[in-house]
Amino acid sequence: MSHFRLFPDVILIEGSCKGALYFLTEGRVIQLGELESRIMSQLRIASIESACNDFDQIAVNKLIQSLVEDALGTIYSEDVYSESYIPNMPFELRGYLEPILIIEELSIELYPTDPYKIWTTNPKVVFQGCNSCIPTENPVKKDFLDTERLCSEIQSTAELEIKNATLHIGDLRNHENDIVSVIEILRKAHPEIDVGITTYPEEISDKTISLLKKIPNLQVTISFNAEVVEILSVLTQTCNSLSNAGIPVTLDAIFPHQDDVNRYSVVKDFATNFGYQLRTTEIIHSSTEYIYSIDRGKSRIEKTDSDAFYAKQRYSICQYGKLAINAYGEIGCCLFGKKTGSLERGIYDWLSNNEHRKGWESPKRCAGVCESCENRFACVDCALIEQISKTEPDFLKTICAYNPFSGIWEM
Amino acid sequence: MRPFVESFETRDKHKYIYDVETGTVVPDNDVLSLVIKKIGEDKKDPEISNELNRDFPKTIVEATLKFVRRWQAAYGGFLRNTSVLGHSHAVSEAAVYQEYDMGATYLMVLNLTENCNFRCKYCYLSEEYRFTRNRTESKMNFETAKEAIDRYFSYLERIKKKIPNKKAGITFYGGEPLLEFPLIKMIVNYCREKEPVPIVFNMTSNGYLLNDEISKFIVQNNIHLAISLDGSKANHDRNRVMPHGIGSFETVLKNIRKFMQAYPDYHDIGIISVFDVRTDLRENVRFFEENKLPRIFFISEVASSNTDYYDRFSREDFDKYNQTYEELLEEYIRAKQSGERISNYLEMFFEAPLSMTIIRLRAKDAKSKLVPYTNTCVPGMKISVRADGTYDICERINATFPVGDVEHGINTKAVCEVIDEYNKAVTKDCKNCTAVKNCPLCFAYTNGDRCFSIPDNFCKRWRKQQLMKLSAIYTILEKNSHAFDLLQNSLENSFAFNA
């Protein structure tokens, strides 16, 4: 009897219908056909001869030959055990051996406004809302968080390691001094922190620019309505003014999906021509609307090396390391996700009760139909889509055309 | 480049290669070992192919060559540069302080008394062992305990700002800690008032003084209790005796049963069991199966360093022990292969030693730069406080390495000296050792009189044992790939330290 085994840096992940080989050393994900997947499953537990009995012998031999030729595996004369490469011991240190906590990204929403009337359209999902300064909820509801209270809480985090902070600001022009105070407190508490702000182009005036210019190393993201035809000329002027003032700019194109015209390529060309990094935010109202900015096809499958593969088994790549405080002092991992804490109880209370882990440790393999998909360790999405897909699986179609139960890309 | 691997076979004679750098075990179809060997001889790929194609299919040889080359390039596996040197630089006080500042300290051991109501024949705090203190009347007073705790809590107060989930422990140790039960009560009450992070209390006791009042206090305060019980009456009473040589088994067993009867839902109680070559292992397996007792936390061998303890045993004792050991190991392997239930004693007897190999370090697991080799902790992770308030790095280390006291805190200069001495004496050759990912040596294992040394032939013996363990583990995994899943889960949970 002979047995086929994959080399340790090649891992078979089985989906409901098909499988994929994750070639960790090269970061490649190799899609298997339905028959190939069934043969591979069989070869895991049985000999090559047995697989030849159960399947077409030519198909089995052809598959094995191609895998050996590609140096993905080899043949043994005995039923040996094979294990996969793992970069670390297969468990995390918790409790009394827990390492210091690192917050990769702190997001703070301040003075939200809704100039593009997003909330009047009753959105179901704000996809990648964290790139924007769209209000996290209807901004007319409640009183905003007191800035002094926020500053005092930021000061209390001085011993925590926070790497980046972004202020998502709606009404910048009327709160310039408050914003400067918050940035100063952030930098005082965390001298190494990188700080950015995200705001609407309408908020950028000569006065604002001269103020922002005084804040060193500030990254500004302009969050604009991409469905307004004349926006690009406004944007050109705003970006030029900021660039002339030496302020680095990133663009966030908001697609409210209020008409059927896809302007993504126009916006993308604009950003490319001017050399700006482009992010997107899309307002999704139903599961029949597709996201303009990402491909729903096979190109969704990303390069996946061993670090990415194992990180995606345990963590939400979208939410990991994030802490968000909305304009009402509520705390969560994502500005647009579920809030489980409040500034009233404090950031430490939220962290010491392990609330952050609920978001950080929600990998895609736990998200709706993704858990049945062989590509679940090779793609990444806004966690809000993953969350809604638990109860409303159809929403996944807005971003991904793959049906793991049929193994077909239903474009 | 030279091969940096070990080869072993399972019971079914299946061959495997243990890649030291990545900690990965790869099955060997002969081609793999030959390719590694020939690359180690500096042969080029065409030459290797030509040589191996005579005996093996060309596609297999080519695939294996490609695999070994990429594995080496990506992960540094299978082969390594021969010029790699050991660890030699001296550590700085700043580096030690930085380690503490990252939250390394997690446990304070309070040695409440140097006295004991037992005279166990293998006690390392007795004349049986060189360099360790012996029993004395010395005991800790509350002021000393309070000073130690205040210092510890002040550190934890600072660290919890960096680690909001920080948890920590306090262990009551001795001598026999229950000789000082009133002091334990005062300390627990004081800590519960002041604890800056959730504190788990632990206690290691011989169980002789465990009465209703103490049991109630233990349960009320969720003290994790480890009671020493070496198994059956014959096995236990052979070594664990009272001052006049009378065995302690009946009283200890009665106390444990009474505790379990009163608190059947209390699960933070367990057994520590010690054995030597005259322990009747089969009798112990039966004993723990027949008696409903708390789970066994761990089973350990009587320590062999700095003692002549084992000189008392005959060749026949060793032979008999080895025969029983081999038989039980086969029983354990068969049961694990088939997923059968295994007695708690048998499982702990074999699984604890195997666990270090099962959860061996992998390519990206970083050890502290202060002590990059062996399984030792960084001094200060644990602070063991003597009855007089002197700090040691561990309750198991002898008294010749004090690293501070309750009045002045940890003396980082003394810690540096201890680490430097250890690195010079113990770890200088570790870098090139194939057991580098799962070596059990530590300060306590290697301590002598103000110095450290590796026991004779230890490294060679350990490397051989490692291969035997790998053989047993993979013999099991060949038949039951999930055999150790529970072990991995329980290890992860044990670190969680649920307060």
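Protein sequence lines correspond, in order, to chains A and B.
Each number in our numbering comes from the position in the first sequence (counting from 1) with 84 added on.
Each number in our numbering comes from the position in the second sequence (counting from 1) with 47 added on.
The beta-carbon is built from N, C-alpha and C at its ideal position, and this holds for glycine as well.
Source: prediction; values computed, not measured.
Kindly list the residues whose CB is nearer than 8 Å to the CB of Ser402/B, restricted to its own chain and excluding five residues on each side of it in sequence; keep chain order. Leu534, Leu538
Comparing alpha-carbon positions, which option in Glu286/A, Thr197/A, His252/A lies nearest Val312/A? Selected option, being the one with the closest Cα: Glu286/A.
- [ ] Confirm, please, whether the CB-CB distance from Ile406/B to Phe107/A is below 9 Å.
- [x] no
What are the boundary residues of the alpha helix (DSSP H) that Ala496/A is part of? The requested residue 496/A is not part of the displayed model; chain A covers only 85 to 495.
| message | Buried or exposed for Ser139/B, going by 16 or more other Cβ atoms inside 10 Å? | response | exposed
- Query: Does DSSP classify Thr69/B as helix, strand or coil?
  - Reply: coil
> With contact counted as at least three CB pairs below 8 Å, one residue from each stretch, are the stretch 149-169 of chain A and the stretch 239-253 of chain A in contact?
Replying inline: no
- prompt: So what does DSSP say about Lys280/B, is it helix, strand or coil?
  reply: It is helical.
**Q.** Whole-angstrom distance between Asn445/B and Glu53/B, CA atom to CA atom
**A.** 35 Å
Neighbouring residues, chain B, relative to Met173/A (Cβ below 8 Å): Ile406, Arg407, Leu408, Arg409, Asp412
> Using a Cβ-Cβ cut-off of 7 Å (strictly less than) and excluding sequence neighbours within five positions of Tyr237/B, which residues of its own chain qualify?
Replying inline: Only residues of its own chain outside the window of five on either side were considered, and among them Lys193, Ile196 have a CB closer than 7 Å to the CB of Tyr237/B, listed in chain order.
In whole angstroms, what separates the C-alpha of Ala322/B from that of Met395/B? The question names Ala, but residue 322/B in the sequence shown is Phe. Near 12 Å, if we compare the C-alpha coordinates of Met395/B and Phe322/B.
- Query: Among Met289/B, Thr474/B, Ile523/B, which one has its Cα closest to the Cα of Ala382/B?
  - Reply: Ile523/B
Under 9 Å, do Glu193/A and Ala329/A count as touching if we go by C-beta distance? Against a cut-off of 9 Å, the Cβ pair of Ala329/A and Glu193/A comes out as no contact.
- Message: Please classify Leu177/A as buried or exposed, where buried requires at least 16 neighbouring CB atoms within 10 angstroms.
- Response: exposed
Practice prompt. Tell me whether Ser583/B is buried or exposed, calling it buried when 16 or more other Cβ atoms sit within 10 Å of its Cβ.
Written response: No information on residue 583/B is available, as it lies outside the stretch 48 to 546 that chain B covers here.
Practice task
Report buried or exposed for Trp493/A, applying the criterion of at least 16 other Cβ atoms within 10 angstroms of its Cβ.
Solution key: exposed
Checklist entry - Measuring CA to CA, which of Arg398/A, His341/A, Thr364/A is closest to Gly370/A? => result The sequence given here places Ser at residue 370/A; Gly does not occur at that position. Considering only alpha carbons, the answer is His341/A.
Can you list the alpha helix (DSSP H) stretches of 4 or more residues lying completely in the stretch 299-361 of chain A, in chain order?
-> Inside the stretch 299-361 of chain A, DSSP marks whole alpha helix (DSSP H) runs of 4 or more residues at positions 315-328, 348-358, from first to last along the chain.
Residue from Lys113/B, Trp118/B, Val462/B whose Cα sits closest to the Cα of Ala410/B | Per the Cα distances, Trp118/B.
Worksheet item: How about Gly222/B and Asn158/B: do their beta carbons lie closer than 9 Å?
Response: yes
- Task: Return helix, strand or coil for Arg388/B, following the three-state DSSP convention.
- Result: coil
Go through its chain and collect everything with a Cβ distance to Ser377/A's Cβ below 6 Å, but skip five positions before and after it. Tyr348, Thr364
Neighbour list for Ser549/B in chain A, Cβ cutoff strictly below 8 Å: In the structure as shown, chain B begins at 48 and stops at 546. Residue 549/B is therefore absent and cannot be evaluated.
query = Span of the beta strand (DSSP E) holding Ala467/A?
reply = Premise fails: Ala467/A lies in the alpha helix (DSSP H), 467-475, not in any beta strand (DSSP E).
Which of the three DSSP states, helix, strand or coil, is assigned to Phe103/B? coil
(message) With the cut-off set at 9 Å, would you say Ile231/B and Phe264/B are in Cβ contact?
(response) yes
**Message:** What are the residues in the stretch 524-535 of chain B lying within 8 Å of chain A by C-beta distance?
**Reply:** Leu524, Glu525, Ser528, Gln535
Next on the checklist: Using a Cβ distance threshold of 8 Å, determine whether the stretch 360-369 of chain B contacts the stretch 333-342 of chain B, with at least three qualifying pairs required.
Outcome noted: no
* **Asn206/A: first and last residue of the uninterrupted alpha helix (DSSP H) it sits in** => Boundaries cannot be given for Asn206/A, as no alpha helix (DSSP H) includes it and DSSP labels it neither H nor E.
Shortest alpha-carbon distance to Ser528/B belongs to which of Thr231/A, Val164/A, Asp198/A? Val164/A
Open item on the list: Helix, strand or coil for Leu126/B? Go by DSSP, reduced to three states.
Closed with: In the structure shown, Leu126/B sits in a strand (DSSP, three-state: E or B).
Consult DSSP for Met289/B and reduce its assignment to one of helix, strand or coil. Of the three classes helix, strand and coil, the one that applies to Met289/B here is coil, per DSSP.
Requested in this report: List the endpoints of the continuous beta strand (DSSP E) containing Gln115/A.
Outcome: 112-115
Exercise for review: Rank Asn438/A, Asp478/A, Glu455/A, Gly443/A by C-alpha distance to the C-alpha of Glu182/A and give the top, closest one.
Suggested key: Cα-wise, what sits closest to Glu182/A is Asn438/A.
Item to complete: Indicate whether at least one CB of chain B lies closer than 9 Å to the CB of Ala155/A.
Response: yes
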